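J.:
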Amino acid sequence: MPNYFALIPAAGYGSRMENQLPKQYLTLAARPMIYHAVKTLCQSHKITRVFVVLSPQDPEWQKYDWDEFSDKLTVLYCGGETRAQSVLNGLAAVPRQFTVEPNDWVLVHDAARPLLMQSQLNQLMDELAGDPVGGLLAVPVADTLKRSDANNYVRQTESREHLWQAQTPQMFRYQTLVDALNKTIHMNITDDASAIEAMGLRPRLVHCKDYNFKITYPQDLELAKLIIQKRRPQ
């Protein structure tokens, strides 16, 4: 049976948050934002190990206490200039410390998606367990889509039929993901599924039916705080 590993690339900055602190360390429910993703992944009984990929110059991680995850969490200071490079560097570093088989599953998750729940994680792993390629959490596009010209005037309305918003985790076989990222590392890809698609493979979309949005703007952080408060046992 293949093992499941999780990897969180967290070497970025997040300039759209209008804050001097790297986005993954912004406070959310009295914790750094990345804590929530780490906790959900570490609490999964199916996941063998969780890797966080940080910048070699990261000054913030050691300021927090991560001891509660010490039996499952490993930090890798090998982040790259892009998300794809950080993921690839992390995947290359893992076998130096742990045994990883080519067929093992890797779940890549954004540090800025702190609302992931065990139910969503289990749904992803259960639906993809027998899939030949793998896939990702996603939601169908609900809003009307407009394509603009260079001056931000509407050029046309796009059909939203069969369009989905990609989320994370994105789950693929270890060697397949390594090969895909190596072949596309100089391309402008923004998620792991894009690299898989570039190899001619078709990832499966797993419908995420609860909040799992990415924190991109300050107002996203405020909404996430409200959701976490609502989810807490009364």
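Number 75 in numbering that gives the first Met the number 0 belongs to position 76 of the sequence shown; there are no gaps in the numbering.
All residues carry an ideal CB built from backbone N, CA and C; glycine is no exception.
Source: prediction; values computed, not measured.
1. Ignore the nearest five residues each way along the sequence and tell me which others in residue 49's own chain have a CB closer than 6 Å to its CB.
2. Using the Cβ count rule (16 or more neighbours within 10 Å means buried), how would you classify residue 19?
3. In whole angstroms, what separates the C-alpha of residue 221 from that of residue 35?
4. CB-CB under 7 Å to residue 65, same chain, minus the five flanking residues each way: which ones, in chain order?
5. Which residue's Cα is closest to the Cα of residue 185: 44, 81, 9?
6. Does the count of Cβ pairs from the stretch 166-185 and the stretch 83-91 closer than 8 Å reach three?
7. Considering Cα atoms alone, identify which of 119, 110, 136, 160 is closest to residue 204.
8. Quick check on residue 54: does DSSP put it in helix, strand or coil?
9. Could you say which of 128, 206, 209, 208 lies nearest to residue 170 if we only look at CA atoms?
10. Nearest CA to the CA of residue 61: which residue from 24, 210, 213?
11. Using only the alpha-carbon positions, how far apart do residue 94 and residue 160 sit?
12. Mapping the DSSP letters down to three states, classify residue 112 as helix, strand or coil.
13. Given that a residue counts as buried once 16 or more other Cβ atoms are within 10 Å of its Cβ, and exposed if not, what is residue 85?
14. I'd like to check one pair, residue 190 with residue 149: are the Cβ atoms closer than 9 Å?
15. Please state whether DSSP places residue 3 in a helix, a strand or coil.
T.: Taking the coordinates as given:
1. Along the sequence shown, read from residue 1 onward, the residue named residue 49 stands at position 50. Here the set comprises 5, 40, 41, 71, 72.
2. Taking the first residue of the sequence shown as 1, we reach residue 19 at position 20. Burial call: exposed.
3. Indexing the sequence shown from 1 puts residue 221 at position 222. Indexing the sequence shown from 1 puts residue 35 at position 36. Straight-line Cα distance between these residues: approximately 15 Å.
4. Here residue 65 is taken as the residue at index 66 of the sequence shown, counted from 1. Within the same chain, residue 65 has close Cβ partners 72.
5. Mapped onto the sequence shown, residue 185 falls at position 186. Per the Cα distances, 81.
6. These segments touch.
7. Translated into the one-based positions of the sequence shown, residue 204 becomes position 205. Looking at the Cα atoms, 136 is the closest of the given residues.
8. The count along the sequence shown starts at 1 and reaches residue 54 at position 55. In the structure shown, residue 54 sits in coil (DSSP, three-state: anything other than H, G, I, E or B).
9. One-based indexing of the sequence shown puts residue 170 at position 171. Comparing Cα-Cα distances from residue 170 to each of 128, 206, 209, 208, the minimum goes to 128.
10. As a position in the sequence shown, residue 61 is number 62, starting the count at 1. 24 is the residue among 24, 210, 213 whose C-alpha sits nearest the C-alpha of residue 61.
11. In the sequence shown, the residue the question calls residue 94 occupies position 95. In the sequence shown, the residue the question calls residue 160 occupies position 161. C-alpha separation (whole angstroms): 41 Å.
12. Position 113 of the sequence shown, counting from 1, holds the residue named residue 112. Residue state, collapsed to three classes: coil.
13. Residue 85 sits at position 86 when you count from the first residue of the sequence shown. So residue 85 counts as buried.
14. Within the sequence shown, residue 149 is the residue found at index 150, counting from 1. Within the sequence shown, residue 190 is the residue found at index 191, counting from 1. Their beta carbons are not under 9 Å apart, which means residue 149 does not touch residue 190 by this criterion.
15. The residue you call residue 3 lines up with position 4 of the sequence shown. Looking at residue 3 - three-state DSSP - the assignment turns out to be strand.
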